[in-house]
Amino acid sequence: MTILPVIPTSPDQPDAVPTRRRPSMPPRHLADLDLAARKAAVTTLGEPAFRAKQLSTHYFGRLVRDIDEMTDLPAASRARLTDDLLPTLLTPVRELACDDGATRKTLWRLHDGALVESVLMGYPDRVTACVSSQAGCGMACPFCATGQQGLTRNLSIAEIVDQVVYLAGVAASGAVTGSPPRLSRVVFMGMGEPLANYPRVIEAVRRLTAPAPEGLGLSQRHITVSTVGLVPAMRRLIAEELNVTLALSLHAPDDDLRDELVPVNQRWKVAEVLDAAFDYAARTGRRISIEYALIRDVNDQPWRADLLGRILRGKLAHVNLIPLNPTPGSKWDASPKPVEREFVHRLRAAGVATTVRDTRGREIDGACGQLAAGELTEAGAGGAADAEVAR
Ligand code: SAH
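Counting from 1, one number per residue, gives the positions in the sequence shown under the UniProt record's numbering.
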């Protein structure tokens, strides 16, 4: 593991002693707005309308997040625009790298002291950003570090987008050795339940996929939204006609066990949640990704593999098995490799495409369920989330 240079934080926010403030939404930022609203905002501030495009080109086109680096803007305009359209939303607290620099985790402090994390993962053919959609999470999955923490608040559209723009800038700087310089994928597998912050996550996706300078110009297909299975929100997502990839965190094929592993299952059962997921696949033509963390002697029995195989057979779905990344103090562990292999074998024998996710970033607690923002709070709060959907 490499600890990258610690970025100095301001004296009123000492690095190791985060203040506990009441969570509150951040100030407005240009990434909260579409191009038309940005134009309206700059004219309200007494600037010509073309400034909106100029700012947007810097931010989304050139990945410049600091107004002081936008030197073609008159100093007076910069001073006027910064507070209203480019306030600092994310202050880096720590950056860690591992896998020879191919995986990098950033811990951020938000304006109200809340902590979230993002992870950048480089591969020979692509670079993926794993971002947070909430500070904490209210879904309470017992094997997930963020699940233990509870929900602090939703992130704003711009707090989500700014994580991606920052990581795209890191990729563009060539810091991810052995990978292309262009960030191409985003997975909502950091802290939080994206569909519980629905309108902001959808708007963030629109911003990420709008062509520059309105947005970042990523392909919808290269964005993955991962959910515990909030059925009404999944149905709403179908109606958006966005071609994003949907990942469903299933973790058990039967209600008895899923009620425990993913407590929201007590509200929306396996059959109902899969129905919504299959409808999403049918509408978009996009294969859904069934996430399944293999937990030793909990959900890794051969009969559960067979049951999962029967449920998914012939559907537009593939299974992404995740070796459990045990959270500190957890009674659960990953399944032994032979058990994992048998699980894979049974699913494939049932005709279900199955992959095992790589365990990228474990060394820096950047892997599934382990984003460790909570370590800094000394309150035992975890951070969540994830690495990427393996192919
Ligand atoms: N709330 C969303 C996104 C969060 S994390 C969701 O649940 O889908 C992304 C994935 O990491 C989810 O599939 C989640 O269940 C999984 N995960 C969480 N903690 C984990 C752990 N300790 N080990 C392995 N996977 C974990």
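Where is the CB? At the ideal position from N, CA and C, for every residue including glycine.
{"Asked": "To the nearest angstrom, report how far apart Ala36 and Asp84 are at their CA atoms.", "Found": "16 Å"}
{"Asked": "Tell me which residue opens and which closes the alpha helix (DSSP H) that Gln134 is part of.", "Found": "Gln134 -> not in any alpha helix (DSSP H); beta strand (DSSP E) instead, spanning 134–136."}
{"Asked": "Consider the C-beta atom of Ile290 and the heavy atoms of ligand 1; say whether any pair is separated by less than 7 Å.", "Found": "no"}
{"Asked": "Between the alpha carbons of Ala114 and Gly351, how many angstroms are there, rounded?", "Found": "44 Å"}
{"Asked": "Are the stretch 171–178 and the stretch 42–57 in contact at 8 Å, needing three or more beta carbon pairs?", "Found": "no"}
{"Asked": "Measuring only from the beta carbon, is residue 421 closer than 7 Å to any heavy atom that is part of ligand 1?", "Found": "Here the chain covers residues 1 to 391 and nothing more, so residue 421 does not appear."}
{"Asked": "Looking at ligand 1, does it come within less than 7 Å of Leu81, judged from the CB to the closest heavy atom?", "Found": "no"}
{"Asked": "When the Cβ atoms of the stretch 56–66 are set against those of the stretch 213–227, are three or more pairs found closer than 8 Å?", "Found": "yes"}
{"Asked": "In whole angstroms, give me the CA-to-CA distance for Ile202 and Asn154.", "Found": "13 Å"}
{"Asked": "In chain order, which continuous runs of the alpha helix (DSSP H) of length 4 or greater are located wholly inside the stretch 54–104?", "Found": "75–85"}
{"Asked": "For ligand 3, is there any heavy atom lying closer than 7 Å to the beta carbon of Thr128?", "Found": "Only ligand 1 can be found as ligands here, which leaves ligand 3 out of the picture."}
{"Asked": "By how many angstroms is the C-alpha of Leu120 removed from the C-alpha of Thr327?", "Found": "21 Å"}
{"Asked": "Going by alpha carbons, who is nearest to Ile223 out of Pro253, Val187, Leu250, Met191?", "Found": "Val187"}
{"Asked": "Considering only their Cβ atoms, is the gap separating Tyr292 from Leu321 smaller than 8 Å?", "Found": "yes"}
{"Asked": "Please tell me whether Val165 and Arg78 are closer than 8 Å, where the distance is taken between their beta carbons.", "Found": "no"}
{"Asked": "Within a Cβ cutoff of 6 Å, which residues of the same chain sit near residue 480, ignoring the five residues on either side of it in sequence?", "Found": "The displayed coordinates of the chain run from 1 to 391. Any statement about residue 480 would go beyond what the structure contains."}
{"Asked": "Would the C-beta of Ser226 count as close to ligand 1, meaning under 7 Å from any of its heavy atoms?", "Found": "yes"}
{"Asked": "Could you tell me the alpha carbon to alpha carbon distance between Val6 and Ala97, rounded to whole angstroms?", "Found": "Note that Val6 scores 45 on pLDDT, short of 50, meaning its location in the model is unreliable; the coordinates nonetheless yield the value given after this. Computed Cα separation, rounded: 12 Å."}
{"Asked": "For the beta strand (DSSP E) holding Thr152, just list the boundary residues, first then last.", "Found": "151–154"}
{"Asked": "Cα separation between Lys53 and Ala40?", "Found": "12 Å"}
{"Asked": "Using only the alpha-carbon positions, how far apart do Ala171 and Val127 sit?", "Found": "7 Å"}
{"Asked": "Can you tell me whether Ala204 sits near ligand 1, meaning its C-beta is under 7 Å from at least one heavy atom of the ligand?", "Found": "no"}
{"Asked": "Tell me the DSSP secondary structure of Gly122 in three-state form.", "Found": "strand"}
{"Asked": "Output the distance between the C-alpha atoms of Leu312 and Arg236, rounded to the nearest integer angstrom.", "Found": "23 Å"}
{"Asked": "Exposed or buried, which one is Ala239 when buried takes at least 16 other CB atoms within 10 Å?", "Found": "exposed"}
{"Asked": "Since Gln148 and Gly192 are thought to touch, with beta carbons under 8 Å apart, how far apart are those beta carbons, to the nearest angstrom?", "Found": "Their Cβ separation, rounded to whole angstroms, is 14 Å, which puts Gln148 and Gly192 out of contact at 8 Å."}
{"Asked": "Taking DSSP as the reference, what is the three-state secondary structure of Val127?", "Found": "strand"}
{"Asked": "Alpha carbon to alpha carbon, what distance is there between Leu230 and Ala196?", "Found": "8 Å"}
{"Asked": "Which partner residues does Ile288 have in the DSSP bridge list?", "Found": "Ala317"}
{"Asked": "For Val356, which of helix, strand or coil comes out of DSSP?", "Found": "strand"}
{"Asked": "Just to confirm before moving on: does the CB-CB distance between Arg357 and Asp99 stay below 8 Å?", "Found": "no"}
{"Asked": "Identify, in the order they occur along the chain, each residue of the same chain with its Cβ nearer than 8 Å to the Cβ of Arg221, setting aside the five sequence neighbours on each side.", "Found": "Asn243, Val244, Thr245, Arg286"}
{"Asked": "Gly217 to Val339, Cα distance in whole Å?", "Found": "42 Å"}
{"Asked": "Tell me the rounded alpha-carbon separation between Gln163 and Ala276.", "Found": "29 Å"}
{"Asked": "Tell me whether the beta-carbon of Leu167 lies closer than 8 Å to the beta-carbon of Ala129.", "Found": "yes"}
{"Asked": "Let me check one thing: in DSSP terms, what residues is Leu183 bridge-paired to?", "Found": "Paired residue(s): none; Leu183 is not in a bridge."}
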